[in-house]
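As given, the protein sequences belong to chains Y and B, one line each in that order. Going by this note's numbering, the first residue of the first sequence is number 1129, and it counts up by one from there. Going by this note's numbering, the first residue of the second sequence is number 1129, and it counts up by one from there. Here the structure is laid out as structure tokens; the discussion comes afterwards.
Protein chains: 2
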Amino acid sequence: MKGSPFRGKGKWAIGIDLGGTKTIVGQVDGQGKVRRKLLLPTNAPKGPASVKQAIASAVQTLLKGAGSLPAGIGVGVAGQVDARKGAVFFAPNLGWRDEPLGEDLAKATGLPVRVENDVRAATRGEWLYGAGRGCDDLICLFVGTGIGGGVVSGGRLLAGCSNTAGELGHITIDLDGPSCRCGNRGCLEALAGGWAIAQQAREWATSDPEAGGFILRMVEGQPEKITAKIAADAAKAGDPLALSLFERVAGALAAGAAGLVNAFNPCRMILGGGVIEGCPWLVKKVAEGLEERALPAALASLRVVRSRLRQNAAVVGSAALVLHPSKKT
Amino acid sequence: MKGSPFRGKGKWAIGIDLGGTKTIVGQVDGQGKVRRKLLLPTNAPKGPASVKQAIASAVQTLLKGAGSLPAGIGVGVAGQVDARKGAVFFAPNLGWRDEPLGEDLAKATGLPVRVENDVRAATRGEWLYGAGRGCDDLICLFVGTGIGGGVVSGGRLLAGCSNTAGELGHITIDLDGPSCRCGNRGCLEALAGGWAIAQQAREWATSDPEAGGFILRMVEGQPEKITAKIAADAAKAGDPLALSLFERVAGALAAGAAGLVNAFNPCRMILGGGVIEGCPWLVKKVAEGLEERALPAALASLRVVRSRLRQNAAVVGSAALVLHPSKKT
């Protein structure tokens, strides 16, 4: 970068998206733009000390190039967080329990650190700098391998009683439906999450190999290689089995979204995550399904839109936690 | 009442629960106790002017007996409300559209008036003076003929984008389930609301008159006379058909409650309304179902309790709107 990219633009911050397999460390300016970012593998099996060290070292790299000191570091982590202490209660994908992430990163970098759940961070990012800008009542629904979300109501990102509000993948939409990884059945995630899409595609293709021929050929006859991405590609190519599978996914998303819209009455429903990126036409389908399913009073002021920050949402949102500490949760 | 019951107790207010068939006008003290109340039929067919006049006259009756002036009047009305203007957008049970209720009542009584939706008022009542006292994150689920609710999150009663947040009866819990009166299918209300219970009991009893014998005898062989109350009485008497019907209702309520608990992460889930009053054992059933269905992180700090204010909730909550105007929504 030439000179200081932040001159005259106010504060900047470092935003970190700490996931189970990869970590993004980004330099985010006062307008929520990612000026530079480093992508690291999250080497969770080496233990938390090693993961933190790798992050601290990436932070130092960014600091060297920046030309000025940031307001601080925000971290979005895939797990349950004690926001006040900046500690990670429990992060199953990392194998962490009671890890003083904020404290250790602050020691290693000399910068103030704030920590929150990654999906909440992504919601904060979309709210302040993405598809939710200027909106005080919104829902972000991120449909990836799993489904998570965040809710802003009355200008506050809802936290709930123990900081776990927004588990929108685990609303029941099919009372006696398929088992979910959470132990319940019929969760939105169990019908429309990436893992459920892959599982369903495998089941459908193998139980009717003729109808499943197209998908099976894509994976050279190895059904265990069918992923949500494969199913989406098959649907894009017009394969009837994949198309009807995604019709079902769209129906499930619309039913779940209708419940959320009726319960929270948002102005905006923002859809993001890998499944939406792979099948952006789902956004229109969900909007149409909502028109049929949700209450007219709740629909009156609703817009359904696609995530704007995409894979940067959690980085930007984590940085925003430092840049806008006054945005209450 | 002897002397002024409010002496030394601070302010008091008039709380009004304006429903489609009856209206309660209550004198509520600063501790949220109903000191006196008048029950009037809501003579909706006579038109809004007549309804307002009847209310104003009941207010005058209470004022005469009170010995001091109230802080104002709060009205909870079964419909969509413009809280700022104190106007009723739409109240289907009253047949009202764009009715300046607050303005007209203020003119008629000389007191300040605030208006909100009746279910939100009832939630406010339980929150400030009932089963939700001292709790900043709670859900009230009122299971009556229909199902409605309210959510307090982070110490605020959620309003949503167009003031209709809390339509908790219309979360989808059964994707391809029975039709709901709202036009959608598989709503919580369509499986567990009083009207749905009555409808189901009628269908079950008539499609299998032997199994339905007990209930049919209760209504002298006239299935159209089967109500949710009749079904509850049959269940209380041990009738197997009614018992299995209520098992299904409990399952539906638990599935819906699980979704709500995962989405909002409340500390307290408060159950009220006619169906709960008629079958208070449903509270325990829902709590047990939640243990099975909801996420451990969301359950950790959750208590499931029964409404405490019962039929006074909306009266007390409406009065609280005047007594505690600082309690933000």
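Beta carbons: idealized from backbone N, C-alpha and C, even for Gly.
Chain B contacts from the region 1339-1354 of chain Y (Cβ-Cβ distance under 8 Å): none
Residue ranges of each beta strand (DSSP E) within the region 1210-1247 of chain B, 3 or longer: 1215-1219, 1224-1227 and 1241-1245
Any C-beta of chain Y under 8 Å from that of residue 1237 of chain B: no
Where residue 1141 of chain B falls: helix, strand or coil (DSSP): strand
C-beta neighbour in chain B for residue 1178 of chain Y, strict 8 Å: no
Between the CA atoms of residue 1310 of chain B and residue 1179 of chain Y - distance to the nearest angstrom: 51 Å
Residues that residue 1301 of chain B contacts on chain Y, provided the C-beta gap is smaller than 7 Å: 1300, 1301 and 1303
Boundaries of the beta strand (DSSP E) in which residue 1185 of chain B is found, first to last residue: Residue 1185 of chain B -> not in any beta strand (DSSP E); alpha helix (DSSP H) instead, spanning 1176-1194.
Simplified DSSP state of residue 1205 of chain B, which is helix, strand or coil: strand
Under 9 Å (Cβ pairs) to chain B, residues found in the region 1242-1261 of chain Y: none
Rounded straight-line distance, which links the Cα of residue 1266 of chain Y to that of residue 1378 of chain Y: 20 Å
Where residue 1343 of chain B sits in the DSSP three-state scheme: helix
Chain B contacts made by the region 1280-1294 of chain Y, where a contact means CB separation under 8 Å: 1281, 1282, 1284, 1286, 1287, 1288, 1289, 1290, 1291, 1292, 1293 and 1294
Rounded C-alpha distance that separates residue 1423 of chain Y from residue 1231 of chain Y: 46 Å
Close-in-space but distant-in-sequence residues of the same chain around residue 1222 of chain Y (CB under 8 Å, 5 per side omitted): 1146, 1148, 1170, 1172, 1176, 1179, 1205, 1206, 1207 and 1216
Pick from Y:1181, Y:1263, Y:1279 and Y:1156 that is closest to residue 1429 of chain Y, judged by C-alpha positions: Y:1263
Where residue 1303 of chain Y falls: helix, strand or coil (DSSP): coil
Per-residue contacts from residue 1429 of chain B into chain C (C-beta, under 8 Å): The structure shown contains no chain C; its protein chains are Y and B.
Interface flag, residue 1268 of chain Y vs chain B, CB-CB below 8 Å: no
Closer than 8 Å to chain Y by CB, residue 1265 of chain B: yes
Min CB distance residue 1407 of chain B to chain Y below 8 Å: no
Bridge partner(s) assigned by DSSP for residue 1277 of chain B: B:1269
Cβ neighbour criterion (16 or more within 10 Å) applied to residue 1212 of chain B: exposed
Which residues DSSP lists as bridging residue 1151 of chain Y, in chain order: Y:1146 and Y:1168
Where residue 1220 of chain Y meets chain B, residues with beta-carbon distance less than 9 Å: Correct list: empty, because the minimum Cβ distance to chain B is about 11 Å.
Residue 1194 of chain Y vs residue 1282 of chain B beta-carbon contact at 8 Å: no
DSSP-derived helix/strand/coil call for residue 1313 of chain B: strand
Contact residues within the region 1190-1209 of chain B, judged by C-beta distance below 7 Å to chain Y: 1208
At least 3 beta-carbon pairs within less than 8 Å: the region 1292-1305 of chain Y vs the region 1387-1395 of chain Y: yes
From Y:1251, Y:1218 and Y:1201, residue whose alpha carbon lies closest to that of residue 1234 of chain Y: Y:1201
Proximal chain Y residues relative to residue 1425 of chain B, where beta-carbon distance stays under 7 Å: 1208, 1290 and 1292
Spatial distance of residue 1306 of chain Y from residue 1320 of chain Y (CA atoms): 11 Å
Cα-Cα separation between residue 1248 of chain B and residue 1188 of chain B, rounded to whole angstroms: 26 Å
Residue environment, residue 1421 of chain B, which counts as buried when at least 16 other CB atoms sit within 10 Å: buried
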